[in-house]
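In my numbering, the protein residues as written are 34 to 341.
Okay, structure coming up:
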């Protein structure tokens, strides 16, 4: 009795035969597709069905690339942003410095122009810092007795009176501003010539016209200039402008003024000498020429008809 293996274990054609069959079939299909394009629609359908799987397989790679690019771009942008901020700060600082220098140069030019019009000699000085006493209004200049500064000299800027030198050291000097509460300045109203004494307002930075009658001819916006009667300030220097008037018929008027000069902002000032600029002396004739003219005058007198 012959033994037959069950159909489950049947091997079929030999593997080499099957390989040759499928290779031949593949070659045949490729030739037919190349000639007749019959599998074009099939490929499109298969590509459409496979596309979601391709995208799913590529998603981690694309996500990793996008994340790396995001963080790389973010770091680069943050670095560039920091550099731009630093450049902007430097440019802003340079701009502020340039504006300050332009303002200082413009004020210095105006000060030098005012110097040419003054009837007195003057010394150009710079304000170094304010006084240490918080209850007074004083500044310190970079010029002292070695440069010819003396106590009592007037100090002005290009638009008005700053104050008066009250203390002098070898290389520094102290100036009491017109707004100091202990400072008194003789002034007069430009509009009508009315003379008065103006007092410093202290820490308010203002000036007060005290002891003025309630009916005194003073109006808002009146300009006050130095009267020159004290011998410290030349006459006609702007001092203040009337800002507010409070009149009481039974007493004096309370008049508040705003200082004209830049007591809290300008750094360049002029210290006025006590000696006025005198005109040049007249030209004297030479002694020989004078004697000769006298001799000619005598000879003319002798030869005149009415002589003798």
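The C-beta atom is built at its ideal place from N, Cα and C for all residues, glycine as well.
{"Item": "Entirely within the segment 140–174 and at least 3 residues each: give me those beta strand (DSSP E) ranges in chain order.", "Value": "153–163, 171–174"}
{"Item": "Could you tell me whether the Cβ atoms of residue 240 and residue 211 are closer together than 9 Å?", "Value": "yes"}
{"Item": "So for residue 99, helix, strand or coil by DSSP?", "Value": "helix"}
{"Item": "Which residue spans inside the segment 220–298 form an unbroken beta strand (DSSP E) run of at least 3?", "Value": "228–233, 240–246, 256–259, 271–279, 285–292"}
{"Item": "Hey, how far is the Cα of residue 285 from the Cα of residue 245?", "Value": "6 Å"}
{"Item": "Does DSSP classify residue 187 as helix, strand or coil?", "Value": "strand"}
{"Item": "Would residue 161 and residue 205 qualify as a contact pair, given that the criterion is a beta-carbon distance under 9 Å?", "Value": "yes"}
{"Item": "By the 10 Å Cβ neighbour count, where 16 or more other Cβ atoms means buried, how is residue 232 classified, buried or exposed?", "Value": "buried"}
{"Item": "For a test of the three-state rule: what should DSSP assign to residue 196, helix, strand or coil?", "Value": "strand"}
{"Item": "Determine the burial state of residue 221: buried for a count of at least 16 other Cβ atoms within 10 Å of its Cβ, exposed for fewer.", "Value": "buried"}
{"Item": "Between the segment 153–160 and the segment 301–308, can you find at least three pairs of beta-carbon atoms closer than 8 Å?", "Value": "yes"}
{"Item": "From residue 59 to residue 65, what does the alpha carbon distance come to, in whole angstroms?", "Value": "10 Å"}
{"Item": "So what does DSSP say about residue 211, is it helix, strand or coil?", "Value": "coil"}
{"Item": "Tell me which residues share the same chain as residue 261 and place their Cβ nearer than 8 Å to its Cβ, disregarding the 5 neighbours each side in the sequence.", "Value": "219, 267, 268, 269"}
{"Item": "In the DSSP output, which residue or residues are listed as bridge partners for residue 301?", "Value": "159"}
{"Item": "Does any C-beta atom of chain D lie closer than 9 Å to the C-beta of residue 244?", "Value": "Among the protein chains of the structure shown there is no chain D, as only one such chain exists."}
{"Item": "Mind checking whether residue 293 and residue 194 have CB atoms under 9 Å apart?", "Value": "yes"}
{"Item": "Given a cut-off of 9 Å on the beta-carbon distance, is the pair residue 257 and residue 273 in contact?", "Value": "yes"}
{"Item": "Along the chain, where does the alpha helix (DSSP H) that runs through residue 67 open and close?", "Value": "48–69"}
{"Item": "Distance check for residue 119 and residue 112, CA to CA, integer angstroms please.", "Value": "11 Å"}
{"Item": "Sort out for me which residues DSSP pairs residue 206 with in a bridge.", "Value": "174, 201"}
{"Item": "Please classify residue 133: is it buried, with 16 or more other beta-carbons within 10 angstroms of its beta-carbon, or exposed?", "Value": "exposed"}
{"Item": "Any idea if residue 46 is buried or exposed, counting beta-carbon neighbours within 10 angstroms, 16 or more meaning buried?", "Value": "exposed"}
{"Item": "Spell out the partners DSSP gives residue 105 in its beta bridges.", "Value": "In DSSP, residue 105 forms no bridge with anything."}
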